[in-house]
Amino acid sequence: ETMKANKALSALQHKTRMMKALQSSRACMKEDMKERVAVQNKLHDICITMCKELGAFPEKCTCPGYKDTTDKTPGVMTWDELLSYMDDVAEASATAIKGWKSLR
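Be aware that the sequence shown starts at 1, since it is given in our numbering, and climbs by one per residue.
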């Protein structure tokens, strides 16, 4: 009887130790992930600076997560820009007309 109780207690203690180790491991993994993100962000800035120094910025910059958002046609309106502008004009004119009609 005592032997059975000792085995059950031993199994429970082993399970408790394993759960504590798992919780500790998860906490370490969270801290590790925070550190990795911080290092990646720092390296990202360095990568872009290096691309600028090498003259590869912005067209040929291959830094991870970098997306070229520079205007490829400065001073020239593209179709997408024109259509967006016309949508804005149409919306503004509809709002103005509603305002004029409400003044009557």
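We put the CB at the ideal spot given by N, CA and C, even for glycine.
Residue GLY65 holds the alpha-carbon nearest to the alpha-carbon of VAL37 among LYS20, ALA90 and GLY65. For MET18, the uninterrupted alpha helix (DSSP H) run begins and ends at 2-54, by DSSP.
For the 7 Å CB-CB criterion, THR70 and PRO58 form a contact. Here DSSP, grouped into helix, strand and coil, assigns GLY99 to helix.
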